[in-house]
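Some notes on the structure that comes next.
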Amino acid sequence: MRKSSSSDSTNQTTKDNAPSSSSSRRFHFLYVTVVIAVGIFNVTIFPIFGEIFFKTTIQQQQQQQQSPLALNAQDNNKDATSFKIETEEDFGKDRVVQILHKAGVEVAADMVDKLPPYSSAVAQYGSEPIIIGLDGDICPNYRARVPLDQRWVGVAGMMNTGTHLLYFLLSKNCHIPRPIKSKWHRLSTFFQVEWGKHAPASWYKRHRSGMYDQLKIDVPVENILTVVTTKDPYHWMGSMCRKSYTTNWFHTEKNCPNLIKNGQPNPARVRYSPENITHHETLLGVWNDYYNGYVHAEFPKLLIRYEDLIFHQEYVVGQVCKCIGGTMSSDDFTPVKESAKGNQPAHVGGSDLVQSVMRYGDAKKRAEGFSDVDREYAEKAVDKDLVKMFGYKSESRIDEN
-4 MRKSSSSDST NQTTKDNAPS SSSSRRFHFL YVTVVIAVGI FNVTIFPIFG EIFFKTTIQQ
56 QQQQQQSPLA LNAQDNNKDA TSFKIETEED FGKDRVVQIL HKAGVEVAAD MVDKLPPYSS
116 AVAQYGSEPI IIGLDGDICP NYRARVPLDQ RWVGVAGMMN TGTHLLYFLL SKNCHIPRPI
176 KSKWHRLSTF FQVEWGKHAP ASWYKRHRSG MYDQLKIDVP VENILTVVTT KDPYHWMGSM
236 CRKSYTTNWF HTEKNCPNLI KNGQPNPARV RYSPENITHH ETLLGVWNDY YNGYVHAEFP
296 KLLIRYEDLI FHQEYVVGQV CKCIGGTMSS DDFTPVKESA KGNQPAHVGG SDLVQSVMRY
356 GDAKKRAEGF SDVDREYAEK AVDKDLVKMF GYKSESRIDE N
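Counting along the sequence shown from 1, when you hit position 358 you're at 353 in my numbering, and nothing is skipped either side.
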């Protein structure tokens, strides 16, 4: 009897300590209900709210695009009258110092002595920035054809013309709303066009850059607005003498650009890839041929000057952003004052904003190192229509008075 009683007691204790079958069923039912509810929310309700939020953002951007306040204030909508030189001070170094201060550069007194007067930049490029293609139908047609969240800028331009600078300025300041889940959310600019940043316009739809495959970029090429950078041909040849990249022609450090060799034009070639090499009459011929190709290309594009990315950064970036219907950052404009090329071995020697102002703002440095033979040839051979279109000068020497 005692054993039986002990056994019954043990069994009873076990039953009391174990959860009841009805409680277990209630817990299981509650758990399953929560899991199903979360699943329904993730599959149906969350995407609906996400889509509503994204569509609302797109609609707001489209309304802004049609509004005169599309670039949310600042100086991005100022007209050409803002660039008029009205006082003697506008021609002096104070104007250059203001440009550097606006970019966040501390200008010491000894630096001011080294800066060129603003009149020297005006003598070379005029007082107003130039964006070819901005005044025609390119921008409105592009916005009408491509939905807002599918618009992109693709950067192109010959080596040493500020392609890095343009990319970073647009990436930091111009934004396009895209789906939240997109890996390109809010970005507006690709580092290069599909056919390659430095490649000639004739490669359009005939070549695909390895970067696009590596990053798995599947944006239709027609949705990318090409923005091409250029530089004054005399300054550009000087840049190529300092860093020639894949452009080859016979020259030395002391004899550059060496446009004439043994009384004849000194040929140049550009190696875009082992299989793609272009041949040109001279180094200057590279500039002539490259930009003639882009000017006459039939696909939509804007062409901007490197020098305007130095002296009119905010305005130029604002106008390109407005062209694609983007939105400038609500915070203050973010300039690029360090070398946009960074410290990559391939780009050692790139100029920061101060160095660029001191070099490209100084008309005396425009054809620095050119021999008289180089100057004579360049003045005859430079494409007169191109330099006129870009607001440059065909003469190698410029009167600053």
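Think of the CB as a built atom: it goes at the ideal place given N, C-alpha and C, for glycine as much as any other residue.
As the structure is a prediction and not an experimental result, all values here were calculated from the model.
Residue from the options with nearest C-alpha to residue i
| i | options | result |
| --- | --- | --- |
| residue 296 | 88, 149, 97 | 149 |
| residue 325 | 169, 160, 139 | 169 |
| residue 351 | 254, 91, 104 | 91 |
| residue 298 | 306, 329, 384 | 384 |
| residue 165 | 371, 173, 184 | 184 |
| residue 329 | 310, 113, 273, 319 | 310 |
| residue 398 | 200, 210, 245, 265 | With the chain represented from -4 up to 396, any question about residue 398 goes unanswered, as that position is not in the structure. |
| residue 394 | 94, 192, 118 | 118 |
| residue 158 | 387, 223, 230 | 223 |
| residue 98 | 239, 109, 304, 229 | 304 |
| residue 151 | 86, 199, 113 | 199 |
| residue 266 | 154, 139, 229, 86 | 154 |
| residue 108 | 126, 172, 239, 87 | 87 |
| residue 248 | 240, 236, 241 | 236 |
| residue 111 | 349, 96, 135 | 349 |
| residue 363 | 293, 230, 327 | 230 |
| residue 240 | 250, 268, 214, 96 | 268 |
Where residue i falls, given that 16 or more other Cβ within 10 Å makes a residue buried
| i | result |
| --- | --- |
| residue 146 | buried |
| residue 233 | buried |
| residue 369 | buried |
| residue 259 | exposed |
| residue 378 | buried |
| residue 128 | buried |
| residue 193 | buried |
| residue 270 | exposed |
| residue 131 | exposed |
| residue 114 | buried |
| residue 104 | exposed |
Segment limits, beta strand (DSSP E) that includes residue i
| i | result |
| --- | --- |
| residue 147 | 147 to 152 |
| residue 267 | 263 to 268 |
| residue 397 | In this structure the chain extends from -4 to 396, so residue 397 is not present and cannot be described. |
Residue i - DSSP class collapsed to helix/strand/coil
| i | result |
| --- | --- |
| residue 388 | coil |
| residue 185 | strand |
| residue 222 | strand |
| residue 195 | coil |
| residue 168 | helix |
| residue 361 | coil |
| residue 133 | helix |
| residue 94 | helix |
| residue 228 | helix |
| residue 299 | strand |
| residue 212 | coil |
| residue 322 | strand |
| residue 393 | coil |
| residue 200 | coil |
| residue 256 | strand |
| residue 305 | helix |
| residue 242 | strand |
| residue 3 | Because residue 3 carries a pLDDT of 40, less than 50, the predicted location of this residue cannot be relied on, and no value is offered for it. |
Own chain partners of residue i with C-beta closer than 7 Å, once the 5 adjacent residues on each side are dropped
| i | result |
| --- | --- |
| residue 207 | 189 |
| residue 390 | 374 |
| residue 261 | 244, 245, 253, 254, 255, 277 |
| residue 306 | 94, 116 |
| residue 218 | 141, 145, 146, 147 |
Contact set for residue i: own chain, Cβ-Cβ below 6 Å, skip 5 residues either direction
| i | result |
| --- | --- |
| residue 275 | 263, 281, 284 |
| residue 186 | 162 |
| residue 289 | 196, 223 |
| residue 387 | 227 |
| residue 302 | 120, 355 |
| residue 75 | Confidence at residue 75 is low in this model, with a pLDDT of 40, below 50, so its placement is unreliable and the value that follows should be read with caution. 123, listed in sequence order. |
| residue 392 | none |
Check: residue i C-beta below 7 Å from any heavy atom of the ligand ZN
| i | result |
| --- | --- |
| residue 225 | In the structure on display, the ligand ZN does not appear, and there are no ligands present to speak of. |
Cβ-based neighbour list, residue i, same chain, cut-off 8 Å, excluding 5 preceding and 5 following
| i | result |
| --- | --- |
| residue 137 | 146, 220, 295, 318, 319 |
| residue 380 | none |
| residue 125 | 299, 300, 303, 385, 386 |
| residue 279 | 228, 232, 252, 254, 372, 373, 376, 377 |
For residue i, the first and last residue of its enclosing alpha helix (DSSP H)
| i | result |
| --- | --- |
| residue 141 | Residue 141 -> no alpha helix (DSSP H), and no H or E assigned at all. |
| residue 290 | 278 to 290 |
| residue 354 | 348 to 355 |
| residue 117 | 113 to 120 |
| residue 371 | 367 to 376 |
| residue 107 | 104 to 109 |
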